[in-house]
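Notes to accompany the following structure.
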Amino acid sequence: MVMEAFPLAEKYRNPVMILGDGLIGQMMEPVEFPEHLKTEPSNKDDWATSGMDTRKSNQRNLVKTLYLDPAELNAHNLKLKAKYEQMEREEMRFEKYNFGGDYKALIVSYGTMSRVCRTAIDRLKEDGLEVAMLRPQFLFPFPRPAVFDAARKESCQAVFSIEMSMGQMLEDVDRSIAGKRPVYWYGKCGGEVPTPEEVMDEVRKIVK
Numbered sequence: 001m002v003m004e005a006f007p008l009a010e011k012y013r014n015p016v017m018i019l020g021d022g023l024i025g026q027m028m029e030p031v032e033f034p035e036h037l038k039t040e041p042s043n044k045d046d047w048a049t050s051g052m053d054t055r056k057s058n059q060r061n062l063v064k065t066l067y068l069d070p071a072e073l074n075a076h077n078l079k080l081k082a083k084y085e086q087m088e089r090e091e092m093r094f095e096k097y098n099f100g101g102d103y104k105a106l107i108v109s110y111g112t113m114s115r116v117c118r119t120a121i122d123r124l125k126e127d128g129l130e131v132a133m134l135r136p137q138f139l140f141p142f143p144r145p146a147v148f149d150a151a152r153k154e155s156c157q158a159v160f161s162i163e164m165s166m167g168q169m170l171e172d173v174d175r176s177i178a179g180k181r182p183v184y185w186y187g188k189c190g191g192e193v194p195t196p197e198e199v200m201d202e203v204r205k206i207v208k
């Protein structure tokens with residue numbers, strides 16, 4: 001994700017924030033640098049405020065958001081709106097897990113909890129209960145269409161937002177479902193990490 005952040009920030013000239021939880025911050029794992037994510041530095045001459053002499057240009061580059069002229073301000077806001085719409089079209093990232101069969105529940109989870117949920121899903125599968133998971137990789141754009149499509153599968157009875165937080169993603173999941181399925185939240189915060197067994201128990205309370 002960090003490797004993708006820099007090219008995306010330059011592509012859209014927009015800040016990119018990397019979000020993680022405390023447990024990930026204390027982990028140490030092997031790191032891979034996929035070739036397809038290695039990019040060459042982009043040409044910033046069209047917008048960088050590095051000085052005309054540095055760019056060998058006689059054109060000033062101004063970076064500003066204050067437009068006193070109403071028409072200029074309106075045009076700028078429309079430009080920003082078009083940029084965000086482009087992000088939603090081109091940069092929606094998510095991962096599916098155990099989507100092959102007729103799952104009875106859908107879990108939406110991210111970060112460390114998504115790993116815990118994978119184990120819970122595998123164990124539930126051994127017990128004969130099929131559960132799928134959709135893992136958002138970007139907070140924006142949030143994969144609302146993918147969550148909606150996954151939740152409205154005929155066999156799906158309920159959707160669970162499982163987080164290591166106080167339910168900050170629940171609103172996004174609930175909006176994505178648009179009332180098509182009941183949505184439940186489960187999680188902990190402040191040091192305790194829900195176990196696979198606890199996740200399994202929460203699913204079994206609702207789904208038979």
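Using the working numbering, you'd call the opening residue of the sequence shown number 1 and step up by one each time. Where is the CB? At the ideal position from N, CA and C, for every residue including glycine.
- In this structure, the CA atom of A75 is about 15 Å from the CA atom of V63.
- For R135, the uninterrupted beta strand (DSSP E) run begins and ends at V131 to P136, by DSSP.
- Residue pairing of F140 in beta bridges, as defined by DSSP: absent, with no partner found.
- Spanning the alpha carbons of G25 and D69 requires a straight line of approximately 46 Å.
- With contact defined as three or more Cβ pairs closer than 8 Å, the stretch 24-38 and the stretch 50-67 are not in contact.
- Beta-bridge partners of S114 (DSSP): none assigned.
- Taken atom to atom, the span from the alpha-carbon of A120 to that of E10 is near 39 Å.
- About 14 Å separates the Cβ atoms of K180 and L134, ruling out a contact at the 8 Å cut-off.
- DSSP places G187 outside any alpha helix (DSSP H); the residue lies instead in the beta strand (DSSP E), whose first and last residues are V183 to G187.
- Straight through space, the alpha carbons of V2 and P34 are spaced by roughly 12 Å.
- Secondary structure note for S176: it is in no beta strand (DSSP E), and the uninterrupted alpha helix (DSSP H) holding it is L170 to I177.
- V173 has its alpha-carbon roughly 20 Å from the corresponding atom of E90.
- In this structure, the straight-line span from the alpha carbon of Y12 to that of S155 is close to 39 Å.
- In its chain, beyond the 5 residues on either side, A132, A150, A151, C156 and V159 have a beta carbon closer than 6 Å to the beta carbon of L106.
- Within the DSSP secondary-structure output, I107 pairs in a beta bridge with M133 and F160.
- Look at Y67 here: in three-state DSSP terms it is coil, with no helix or strand label.
- Residue environment: S176 is assigned as buried (16 or more neighbouring CB atoms within 10 Å of its CB, all protein chains considered).
- Here the alpha carbons of V207 and R123 stand approximately 15 Å from one another.
- One Cα belongs to W47, the other to M28, and the distance between them is close to 38 Å.
- Our two residues, E171 and D127, have alpha carbons roughly 31 Å apart in a direct line.
- Going by C-alpha positions, V203 is about 17 Å away from K153.
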